[in-house]
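Data first, discussion second: the structure below is written as structure tokens.
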Amino acid sequence: MRHNKRINHLSRTKAHRKAMLSNMASSLILHKRISTTLPKAKALRGFVEPLITKAKSNTDEAHRLAFKALQNKVATKELFGVVREKVGDRPGGYTRILKTGFRLGDNAQMCIIELVDFNEEWLGAQDKKATKTAKKTRRTRRSKASSKDAAPESETAKEAVDTTETSEEKEANKE
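The opening position of the sequence shown corresponds to residue 309 in our numbering, with each subsequent residue numbered one higher.
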């Protein structure tokens, strides 16, 4: 039975697991996307999302806790700089796991874990979907026949109608 077995130990000791997750979190923050196995990605999500939440507060204590977890000055600086700015208004769910298939050697399920706001291709696809679903308006020019039917009231109105001719129509009139 699995009573109270919440942590996936990933077949590692506590110190090894902590070091591995720290290294993976640093790589994720620096590169914004990494490829790994699905169980490691799920464990990494539980490790890195609280760090990003703490980074949103931008206090000295948050800096110390992030450095304690990451053990990397460059990754900590990136976390409190670029990453914090991008996810400042997001209430949670900072990572996305995309399954990519199975590894050839041992048939382990592989995936890509990425920071949500940094995937420009994904964001571009979402914008395209939004524009496709938006109602399109048709903008058409009134034809000359319809402008003749609505008889202008004065000479200036006739001149105004004549100035709306396209260059093709002007060339046709010259001939």
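Even glycine gets a Cβ: it sits at the ideal position worked out from N, Cα and C.
Given the structure is predicted, the values throughout are model-derived calculations rather than measurements.
Thinking C-beta only, is residue j closer than 8 Å to residue i?
i, j, result
"glutamate 393", "arginine 341", "no"
"glycine 396", "lysine 364", "yes"
"leucine 318", "alanine 351", "yes"
"isoleucine 337", "glutamate 386", "yes"
"asparagine 316", "proline 347", "yes"
"valine 424", "arginine 404", "yes"
Between residue i and residue j, what straight-line distance do the alpha-carbon atoms span, to the nearest angstrom?
i, j, result
"leucine 329", "arginine 447", "56 Å"
"proline 399", "arginine 450", "50 Å"
"lysine 436", "glutamate 429", "11 Å"
"methionine 332", "glycine 354", "12 Å"
"serine 335", "alanine 416", "21 Å"
"lysine 407", "threonine 344", "10 Å"
"aspartate 309", "glycine 409", "For the sequence presented, residue 309 should be read as methionine rather than aspartate. Taking the straight line from one Cα to the other gives about 29 Å."
"leucine 412", "histidine 339", "25 Å"
"arginine 325", "aspartate 368", "26 Å"
"alanine 383", "methionine 418", "24 Å"
"alanine 323", "glycine 432", "40 Å"
"threonine 321", "alanine 377", "17 Å"
"asparagine 366", "glutamine 379", "18 Å"
"lysine 510", "asparagine 427", "Any question about residue 510 goes unanswered here, given that the chain covers just 309 to 483."
"phenylalanine 388", "alanine 327", "21 Å"
"aspartate 414", "arginine 314", "25 Å"
Once DSSP output is grouped into helix, strand and coil, what is the label at residue i?
i, result
"isoleucine 485", "Nothing about residue 485 can be read from this structure; the chain reaches only from 309 to 483."
"isoleucine 315", "coil"
"lysine 364", "coil"
"asparagine 331", "helix"
"threonine 384", "helix"
"arginine 310", "coil"
"arginine 320", "coil"
"tryptophan 449", "According to the sequence shown, residue 449 is arginine rather than tryptophan. In this structure, arginine 449 counts as coil in the three-state DSSP scheme."
Three-pair Cβ contact test at 8 Å for the segment 373 to 383 versus the segment 355 to 363: Output reads yes: the segment 355 to 363 touches the segment 373 to 383.
Counting only runs of 3+ residues fully inside the segment 393 to 440, write out the beta strand (DSSP E) ranges in chain order. Runs found: 403 to 410, 417 to 423.
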